[in-house]
Amino acid sequence: MEAEERARLEKIDTIVRSAELRAKINPVVDRVHVALLQKPEALMTWEPIPLDVFGQGLPQEIRSGWIFVLRAGADTGAERHPNSHQRMMTLHGRGDMKVRADAASSTWESNVSVSDPRTPLERRWISIPPNVWHRPVVARDADWVVISFHTVPAEELIEEKLDESGAGMKQKKYVTA
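Counting from 263, one number per residue, gives the positions in the sequence shown under my numbering.
Below, the structure written as structure tokens:
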């Protein structure tokens, strides 16, 4: 990890780990978790968080924050964000955010992420540049709760996935007007 990116993640980490912020985002985590419980067919649920919740300390390029809850044992499939750099931290549970730079490659790099604040930054955070394929694979013992930051506003965040035939790409936005 480059020094500049490490410094950026350390800054965000300090904000996210503060008791003050945790008190503000815990109700969001609870809501998103309840939403997952109410949708047994869903692999994950999410909700954007208004940036003012984080105060003035976020790096300037951060334009949206999110809580995602991914179902225990889920593999949500390969996706990428063509218009955003994603930075993600585990809040609860654990999972493996597998990444690969090329859709044609069959080699995935494992990035097991845990919530223990005593573990190194690289075990709690992952930084995924635009257009990098990633695939969340959740541990079987508990849902994986993450906080994710993107460099585009919530209503502009695009997810791309290969369609079932593998011949084309499907796009969707996480927030629709």
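Glycine included, C-beta positions come from ideal geometry on N, C-alpha and C.
These numbers were taken from a predicted model, which means no experiment stands behind them.
Exercise for the section: Using 10 angstroms around the beta-carbon of Ala281, count the other beta-carbons present and answer buried if the total reaches 16, otherwise exposed. Expected result: exposed
Handout entry: Supposed contact pair Pro392 and His343 - C-beta distance, whole angstroms, cut 8 Å
Key = 6 Å
Problem - Where Leu419 falls: helix, strand or coil (DSSP) - result: Residue state, collapsed to three classes: coil.
Exercise for the section: Inspect the CB distances between the region 318 to 336 and the region 405 to 412 and report whether three or more fall short of 8 Å. Expected result: yes
Problem - Cβ neighbour criterion (16 or more within 10 Å) applied to Leu271 - result: buried
Handout entry: Backbone secondary structure at Thr276 - three-state DSSP
Key = Thr276: helix per DSSP, three-state reduction.
Practice task
Can you tell me which of the three DSSP states Arg380 falls into?
Solution key: coil
Practice task
Counting only the same chain and skipping the five closest in sequence on each side, list residues whose C-beta sits under 6 Å from that of Met263.
Solution key: none
Practice task
Determine the direct distance from the alpha carbon of Arg362 to that of Thr338, and round the result to whole angstroms.
Solution key: 15 Å
Practice task
Taking all protein chains shown into account, decide if Gln318 is buried (16 or more other Cβ within 10 angstroms of its Cβ) or exposed.
Solution key: Label assigned to Gln318: exposed.
Practice task
Mind checking which residues open and close the alpha helix (DSSP H) that includes Asp358?
Solution key: For Asp358, no alpha helix (DSSP H) segment is defined; the enclosing uninterrupted segment is the beta strand (DSSP E) at 356 to 362.
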